[in-house]
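Protein chains: 2
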Amino acid sequence: MYRLISPTNGTDRKLAAALSTSSITFELIEVYKTQYSNRGEARVVVIEKLKQRLADVFTLGSVSAILDWDQQTYMPSGGVIGRSNQLAFINKLKHEMFISSETDELLSLAEKENHNLDPDSDDVAYLRMARREFEKKTKLPSELVEEIAQTAAIAHEDWVIACATSDYPKFAPSLQKTLVLQRRVADLLGYKTERYDALLDQYEPDMTTAEVRLLFEQLKPPLVALVKKITECGPDAIDTSVLRREFDEDKQREFAESVIRQFGFDFNRGRQDRATHPFCTSFSRNDVRITTRYDRNFLPIALFSTLHETGHALYDMNIGARYDANILGTGASLGIHESQSRLWENLIGRSQSFWKYYYPKLKAQFPTLRDVSEEHFYRAINRVTPSLIRVEADEVTYNLHIMLRFEMEVDLLEERISVVDAPEAWNAKCQEYLGITPSDDARGILQDIHWSSSGFGYFPTYTLGNILSVQFWDQANKHMSGQLLDMVVRGEFAPLREWLTENIHQWGSKYTPRELVQRATGCPLDPVPYLRYLQEKFGDIYRLN
Amino acid sequence: MYRLISPTNGTDRKLAAALSTSSITFELIEVYKTQYSNRGEARVVVIEKLKQRLADVFTLGSVSAILDWDQQTYMPSGGVIGRSNQLAFINKLKHEMFISSETDELLSLAEKENHNLDPDSDDVAYLRMARREFEKKTKLPSELVEEIAQTAAIAHEDWVIACATSDYPKFAPSLQKTLVLQRRVADLLGYKTERYDALLDQYEPDMTTAEVRLLFEQLKPPLVALVKKITECGPDAIDTSVLRREFDEDKQREFAESVIRQFGFDFNRGRQDRATHPFCTSFSRNDVRITTRYDRNFLPIALFSTLHETGHALYDMNIGARYDANILGTGASLGIHESQSRLWENLIGRSQSFWKYYYPKLKAQFPTLRDVSEEHFYRAINRVTPSLIRVEADEVTYNLHIMLRFEMEVDLLEERISVVDAPEAWNAKCQEYLGITPSDDARGILQDIHWSSSGFGYFPTYTLGNILSVQFWDQANKHMSGQLLDMVVRGEFAPLREWLTENIHQWGSKYTPRELVQRATGCPLDPVPYLRYLQEKFGDIYRLN
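Taken in order, these protein sequences are the chains called A and B.
Just so you know, the first sequence maps onto residues 1 to 545 in the numbering used here.
Just so you know, the second sequence maps onto residues 1001 to 1545 in the numbering used here.
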């Protein structure tokens, strides 16, 4: 997988021997210390050896992902105990191999020889990423990691019961414990200004709480205003009953797969299966799996989750081959990843141009829609309704759900609100942003899995993805002289996919999210285009203008 | 998974501490040497620690099996390189962990304290099996193991081409090399009388070449005579064209799954999928997977492969829970395993009693059979025809294919026939035993994958399975006062499955195959009942008597 130097003379043979045996760090260090006058050569040995080691760690990660995929798709229920043992063991091996003194020594040695490298080279990016991950993994003592895992296991169980019975006090002690541990995590990982920075950074490197707050403050008032104007149109402004007719599941799958094939999803390098919760996972750039779920009586579920996961999959499939089994061979951040899924799901899949091309095909697949006009269908899939459940929300209100959660997370972490008072705070924000109050906690503060899995800091990346999707779209459109929607009307997606690959996908995580956005769009993260997109699109749909 | 002693006093706390940390062999040895007056306690610590270690090895084995299952069933073609890296890495870890000095020390320590144990205890069996596997894995130097793997990779490629073009000389050099290596393997593993013993022992522990030869000599003449008598009835004695009508694949699956559910295949602890080659694999007793393939125009393929693999699966599902993640938690040998698959496939699935119950259901599922009588169908699925291809052979001629291969393997290994002369020898035996000569090597010596994968010593286990299936059946029938076929006529399989679990499945590999057969049937391996079964069944079908 990695190119090794070929053994042509005495020195190189030693180098090659050093590379070919396993666990030879000490030998290698000796070789490095005493025998090499040519430090460039030694550097190559050390970084290649580091890459080999981390490629093994990466392989264990992909094995873990396969076990998880199988558990979510095909595993019979009886397999659950065996599977949790298999997953725990592989993840333990992976962790131990990564934080070992051998990795530490190789990384430090490689960094020592780093100074002569081109700062834009892959190796510099590689070492930055390796150091970042190594520090993150080693700053947390293994007892804490274990306590978090145990707490999450209990929290998850409590949450499932609390959710089913809308019994927040059942979940509150676990949430309290989770917060105590997350504060310790933040303190150990370190941060400049506020604790939440450290948690956010796990999902969105280099993004700060202050930046998110500023972005959200720019978005919130105009979004609340937009939702209010739309709500004033009344609940009957758009009829969605046509989406609730009967749609054969196999035909749903056939249609969605024909679309994503045209998007560029390569079924020789990926597949789609059923799972309770749609997701995308990747075992290598040549084996990327997405899942979906079907509702015979609600067309959007499978269709839009398929387009969404395909956005993630196209990213994973088009990362540069030079990053195979390399720590740079992943997306740059969750926000960047989400920008891709939202772009294909919403900017394309929920656009009028897309349905100009696809609606006749959809009607041919589902004659039940024969009396439904394209305009009717387009408006139905874009209806905006303030609702209680985030995962069912439309494009406009979705972000308000995220802002609410971000504010709650920061306040809980900083103890500005207590666990006991949290449901009340949640409901008040819900009323303020969406104009509705949850009837119970199951449809309020208990609805998301994230807090029960210690996933604090994750939520903002959803809205970051939305914002970025429009920035990337606009830049691609500029590159295509404003012809992008015309291409979509003709079912031509290759130029867009190629632009995304060229400017985003291929780079993996070589660049930080900030650098990547700047390089791809020429601008920093900016919520204005996204806001304008929402106001124009939904202004048209609801005839507000 | 394993019960640990609870820490109730100072000594026990040390024991518990010794058990709870990883990589503590040296510490443990010191503790053992200096601090324990109670050797029984020390023994428990040592063997539990050994079991923990080998449970980790077992876990890696099950992970490897999951990766392999996915490759055979769902993996997109692009995933092949990534998958071979993942498999190679997991298998290497497994091998290194198993042959490590830590395993060696724990095993030797445990054996030292072995003398006071009940010879029939699980621990004695455990240590015997651990020693056996450890010796086998450590007797072969890793360079040889690697050379075998490399040779097999090339041999497999050569074989695929040779097979497609019926070009034996293309495969001959690889076969020659494989034989050289297999002779070295046999010499390193050791044997009493002849080299083939060592190879056979890998698949059928404690079975000797001489025993197999004796069994086969008892079977061969009467089988050849039976085939000859049947052949004299003429090719039109039985009409099989009814099996070649059109059978919808989903309906085939539904029917076969309804049968195996009744056999006792637990779909909460297993599943069936499609694969090019049917197989059974198990990740734990609670997650056992079988595969099959479908031919719309030939009913027996999917049906009988499903029943066959279910025989394997019932064995794996019913091994005692006390052997979870334990080296005793596998079948006793390939021959014993095959006896279970042949029993459910042939003694049940191809019996007249079975179809008395199931034929009306089959007809209801496939109205195309409405003009076909039960008798006609029963005779069709049991037609005996000497044919060139082993995997397509019927119950009677199948064993002649195996005998031919066994004799060829022994002669090739002992250099009594050369690689160059092998096709001629093959064809001569084929003519002698089956009365036909292969038209080309693709349908002759090149037809099986085994030799290209270094699988010498494997073939005899198929016929051992056939022989044993009847011995087990007879014993179960005796236990049920001769009512077994009456139960089958009523679709009652639980009593038979329970007898098999009680007498075979639950024991895993606690007993050697020889011990297990003796315990279950009260007799040693004996080909006479099997021969009688074939003569009676096919005597009736062909009205020879």
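Think of the CB as a built atom: it goes at the ideal place given N, C-alpha and C, for glycine as much as any other residue.
### Task
Report the partner residues of ASP1273/B according to the DSSP bridge assignment.
In the second sequence, residue 1273/B corresponds to position 273, counting from 1. THR1291/B.
### Task
Report the neighbours of PHE1267/B on chain A: residues whose CB is nearer than 8 Å to its CB, in chain order.
Counting from 1 along the second sequence, the entry for residue 1267/B is found at position 267. Correct list: PRO76.
### Exposure label - GLU1409/B; buried when at least 16 CB within 10 Å
For the purposes of this step, residue 1409/B is identified with residue 409 of the second sequence, where counting begins at 1. Looking at its Cβ environment, which holds 16 or more other Cβ atoms inside 10 Å, GLU1409/B is buried.
### Message
Let me check one thing: in DSSP terms, what residues is CYS1280/B bridge-paired to?
### Response
Position 280 of the second sequence, counted from the first residue, corresponds to residue 1280/B. Note: CYS1280/B sits in a beta bridge opposite ILE1290/B.
### Query
Can you give the Cα-Cα distance for MET1129/B and ILE1327/B, rounded to whole angstroms?
Walking along the second sequence from the start, residue 1129/B turns up at place 129. Walking along the second sequence from the start, residue 1327/B turns up at place 327. Taking the straight line from one Cα to the other gives about 7 Å.
### Query
Using a Cβ cut-off of 7 Å, which residues of the region 270-287 of chain A contact any Cβ in chain B, in chain order?
GLY270, ARG271, PHE283, SER284, ASN286 and ASP287
### Query
For ALA553/A, which three-state DSSP category applies?
Past the boundaries of the shown model lies residue 553/A; chain A is included only from 1 to 545, so the question cannot be answered.
#### Entry: Inter-residue spacing [alpha-carbon to alpha-carbon] between ARG271/A and GLY1078/B
Looking up residue 271/A in the first sequence gives position 271. Looking up residue 1078/B in the second sequence gives position 78. One C-alpha to the other measures close to 11 Å.
### Task
Look at PRO423/A and ILE445/A and say whether their C-beta atoms are less than 7 Å apart.
Taking the first sequence and counting its residues from 1, one reaches residue 423/A at position 423. Taking the first sequence and counting its residues from 1, one reaches residue 445/A at position 445. In contact: PRO423/A and ILE445/A (Cβ atoms closer than 7 Å).
### Distance, ILE1290/B Cα to VAL1384/B Cα
Within the second sequence, residue 1384/B is the residue found at index 384, counting from 1. Within the second sequence, residue 1290/B is the residue found at index 290, counting from 1. VAL1384/B and ILE1290/B: Cα-Cα distance of roughly 27 Å.
### Task
Tell me whether CYS1430/B is buried or exposed, calling it buried when 16 or more other Cβ atoms sit within 10 Å of its Cβ.
Residue numbering aside, residue 1430/B sits at position 430 when the second sequence is read from its first letter. CYS1430/B should be labelled buried.
### Message
Restricting to Cα atoms, I'd like to know which of GLU1536/B, GLU1375/B and ASP1421/B is closest to GLU1395/B.
### Response
The residue labelled residue 1395/B in the question sits at position 395 within the second sequence. Considering only alpha carbons, the answer is GLU1536/B.
### Query
So, does the CB of PHE89/A fall closer than 7 Å to a CB anywhere in chain B?
Locating residue 89/A in the first sequence gives position 89, where the first residue counts as 1. Cβ-Cβ to chain B under 7 Å: yes for PHE89/A.
### Task
Between the Cα of THR59/A and those of PHE1089/B, TRP1451/B and THR1276/B, spot the shortest distance and give me the residue it belongs to.
Against the first sequence, residue 59/A aligns to sequence position 59. Measuring from the Cα of THR59/A, the nearest candidate turns out to be PHE1089/B.
### Message
Measuring only the C-alpha atoms, how far is ASN1545/B from ARG1342/B?
### Response
Along the second sequence, read from residue 1 onward, the residue named residue 1545/B stands at position 545. Along the second sequence, read from residue 1 onward, the residue named residue 1342/B stands at position 342. Those two C-alpha atoms are separated by around 25 Å.
### Query
Counting contacts by CB-CB distance shorter than 7 Å, is GLY1079/B in contact with chain A?
On the second sequence, position 79 is the one that residue 1079/B refers to. For GLY1079/B, the answer is yes, since a Cβ of chain A falls inside 7 Å of its Cβ.
### Task
Throw me the rounded Cβ distance for the SER1284/B and GLY82/A pair, which I believe falls under 8 Å.
Position 284 of the second sequence, counted from the first residue, corresponds to residue 1284/B. Position 82 of the first sequence, counted from the first residue, corresponds to residue 82/A. The pair is a contact, with the Cβ atoms about 3 Å apart (cut-off 8 Å).
### Task
Measure the C-alpha to C-alpha separation of ILE99/A and LYS137/A and round it to an integer number of angstroms.
Here residue 99/A refers to the residue found at position 99 when the first sequence is read from its first residue. Here residue 137/A refers to the residue found at position 137 when the first sequence is read from its first residue. Spanning the two alpha carbons is a distance of roughly 7 Å.
### Task
Output the residue ranges of the alpha helix (DSSP H) runs that lie fully inside the region 412-453 of chain A and measure 4 residues or longer, sorted by chain position.
422-434
### Message
Please give me, in chain order, every unbroken run of the alpha helix (DSSP H) with length at least 4 that falls completely inside the region 1218-1274 of chain B.
### Response
1249-1263
### Query
For GLU345/A, which option in VAL470/A, VAL288/A and LEU106/A has the closest C-alpha, if you only look at C-alpha atoms?
Taking the first residue of the first sequence as 1, we reach residue 345/A at position 345. Here the closest residue by C-alpha is VAL470/A.
### Task
Return helix, strand or coil for LEU525/A, following the three-state DSSP convention.
To locate residue 525/A, count along the first sequence from 1; it is residue 525. LEU525/A: coil per DSSP, three-state reduction.
### Query
Using a C-beta to C-beta distance shorter than 9 Å, which residues of chain A count as neighbours of GLY1082/B?
Position 82 of the second sequence, counting from 1, holds the residue named residue 1082/B. Under the 9 Å cutoff, chain A gives THR59, SER62, PHE283, SER284, ARG285, ASN286, ASP287, ASP324 and ALA325.
### Message
My output table needs one value for LYS177/A: the three-state DSSP class, helix, strand or coil.
### Response
By 1-based counting over the first sequence, the position of residue 177/A is 177. Residue state, collapsed to three classes: helix.
### Query
Which whole-angstrom value is the C-beta distance of PHE1459/B and ARG1405/B, which I expect to be below 8 Å?
Position 459 of the second sequence, counted from the start, is the residue given in the question as residue 1459/B. Position 405 of the second sequence, counted from the start, is the residue given in the question as residue 1405/B. Going by Cβ atoms, the distance from PHE1459/B to ARG1405/B rounds to 4 Å, so yes, they are a contact pair.
### Message
Rounding to the nearest angstrom, what Cα-Cα distance links ARG1416/B and GLU1407/B in this structure?
### Response
Counted from its first residue, the second sequence places residue 1416/B at position 416. Counted from its first residue, the second sequence places residue 1407/B at position 407. Roughly 10 Å between the two C-alpha positions.
### Message
Looking only at its chain, what residues have a beta carbon closer than 6 Å to the beta carbon of SER353/A, apart from the 5 residues adjacent to it on each side?
### Response
The count along the first sequence starts at 1 and reaches residue 353/A at position 353. These residues qualify, in order along the chain: LEU485, VAL488 and VAL489.
### Exposure of GLU1309/B, with buried meaning 16 or more beta-carbon neighbours within 10 Å
For the purposes of this step, residue 1309/B is taken as residue 309 along the second sequence, with counting starting at 1. Buried, by the Cβ-count rule.
### Query
Going along chain A in order, which residues have a C-beta closer than 7 Å to the C-beta of ASP1120/B?
Within the second sequence, residue 1120/B is the residue found at index 120, counting from 1. In chain order: nothing, as chain A lies at least about 28 Å away.
### Message
So, for TRP1451/B: in the same chain, excluding its five sequence neighbours on each side, which residues have a beta-carbon less than 7 Å away from its beta-carbon?
### Response
Along the second sequence, one-based indexing puts residue 1451/B at 451. Around TRP1451/B: LEU1175 and THR1178.
### Query
Quick one: is HIS1337/B buried, meaning 16 or more other Cβ sit within 10 Å of its Cβ, or exposed?
The residue you call residue 1337/B lines up with position 337 of the second sequence. HIS1337/B should be labelled buried.
### Query
What first and last residue would you give for the alpha helix (DSSP H) that runs through GLU135/A?
Position 135 of the first sequence, counted from the start, is the residue given in the question as residue 135/A. Start and end: 122-139.
### Task
Out of GLU133/A, GLY311/A and ALA164/A, state which residue places its alpha-carbon closest to the alpha-carbon of ILE348/A.
Within the first sequence, the letter at position 348 stands for residue 348/A. Looking at the Cα atoms, GLY311/A is the closest of the given residues.
### Task
Reducing DSSP to helix, strand and coil, say where GLU1113/B ends up.
As a working note, residue 1113/B is residue 113 in the second sequence. Three-state DSSP puts GLU1113/B in coil, outside helix and strand.
### Query
Below 8 Å, can you find three or more Cβ-Cβ pairs linking the region 1252-1261 of chain B to the region 1288-1302 of chain B?
yes
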